[in-house]
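What follows is a single structure, written as structure tokens, with notes after it.
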Amino acid sequence: MADVPSVVIKIGGSVLERLHPSFYEACVSLNKRGVRVTVVHGGGPVINRLLERSGIRPRFVRGLRVTDAETLSWVQMALAGLVNKDLAARLQGAGASAVGLSGVDGRLIQVRQKDPSLGYVGEVTGVGADLLSSLLEKGWMPVVASLGVDEAGQIYNVNADTAAGAIARALGASRMVMVTDVPGIYASPEKKEGVLRTVTPAVVRGLIQSGKISGGMLPKVSAALSCLKGPVQEVLIVDGEKPISLDGTEEDGWNGTRIVQEEGADHVVSHIPTV
């Protein structure tokens, strides 16, 4: 895998239903240029709707979904069924050789229970990279639902940011792209102003300590920091509701936050246009 460029793209559940059409075209464009693309997704809003229709109130602790046995069955239905197949079909419609699977298939995402109080929420312990590598080498684009399985065969719900980061490290990807519903990391999150264009891990850690990164952005940057300790060179955080470039270059009209591995890189604050 090291000789062929590889990119892992994580799509947040919050933006899945509002993805800009250019996203699918951008994935196919990367593929046609010889980049091996793996897509990892969540599906929170779909899960919530299914639970609410069943009279189950979604519960969260520290941003993680409390997943009892009944909730887990709905999580599986949403992630491995509805969301995964819809996303794979949309990518196929754009010309990609997309194949949908979950982290359970082939023990792709190996986990252990994270915290008994959370129920069936898994902490990633390993990734079956051989399965993904085999698919990628044959020209397929894996689309992975964020479920995992333990040694006993028990299925778990897995945070999609964490799953994507683990897959990126296991594949030796040079880049991870996190597609979400915000334009990047804000310098002033309370005002939603001033998007940080390029930051280092040291800058991100400082923003976490100061409380400027919190809530849903926290697991994203935590996964990014973990990635950057390995082969991943950079992590891009982009707004999936706007026209998307997955190259991360200004020439391609890219907007978002880039977290780079080099501790000595400069960081620039600028406002991203809303049009």
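Per the working numbering, the sequence shown runs over residues 1062 to 1336. Just so it is clear, CB atoms sit at the ideal spot from N, CA and C, and this is done for glycine as well. As the structure is a computational prediction, the values presented were derived from the model and not from experiment.
Report yes or no: do three or more beta-carbon pairs, one from the region 1202-1217 and one from the region 1231-1246, lie closer than 8 Å?
-> no
Skipping 5 residues on each side, what residues in its chain have a beta carbon closer than 6 Å to that of Ser1083?
-> Pro1304, Ile1305
Rounded to whole angstroms, what's the CA-CA distance from Ala1231 to Ala1190? Just pull it up for me.
-> Those two C-alpha atoms are separated by around 6 Å.
Any contact of the region 1067-1075 with the region 1093-1111, i.e. 3+ C-beta pairs under 8 Å?
-> yes
Gly1267, enclosing alpha helix (DSSP H) - first and last residue = Its alpha helix (DSSP H) spans residues 1262-1270.
May I ask you to list the residues that DSSP assigns as paired with Gly1187?
-> Answer is Gln1171.
Length-filtered (4 minimum) alpha helix (DSSP H) runs lying within the region 1083-1119 | 1083-1093, 1105-1114
Can you list the beta strand (DSSP E) stretches of 3 or more residues lying completely in the region 1135-1165, in chain order?
-> Listed in chain order, the complete beta strand (DSSP E) runs (minimum 3 residues) inside the region 1135-1165 are 1159-1163.
Start-to-end residues for the beta strand (DSSP E) that takes in Pro1244 = Pro1244 -> no beta strand (DSSP E), and no H or E assigned at all.
DSSP three-state call for Pro1280: helix, strand or coil?
-> Pro1280: helix per DSSP, three-state reduction.
Quick one: residues in its chain with C-beta nearer than 6 Å to the C-beta of Leu1197, no 5 flanking neighbours on either side, listed in chain order?
-> Arg1097
By a C-beta neighbour count over all protein chains shown, 10 Å radius and 16 as the cutoff for buried, is Glu1312 buried or exposed?
-> Any reading at Glu1312 needs caution, since the residue's pLDDT is 45, under 50, leaving its predicted position unreliable; the model's value is listed next. Looking at its Cβ environment, which holds fewer than 16 other Cβ atoms inside 10 Å, Glu1312 is exposed.
For Glu1312, which of helix, strand or coil comes out of DSSP?
-> Here the model assigns Glu1312 a pLDDT of 45, short of 50, so the residue's position is not dependable, and the following value carries that caveat. In the structure shown, Glu1312 sits in a helix (DSSP, three-state: H, G or I).
CA-CA distance, Gln1174 and Pro1262?
-> So the two alpha carbons sit approximately 28 Å from each other.
Measuring CB to CB, does Ala1224 end up less than 7 Å from Ile1170?
-> yes
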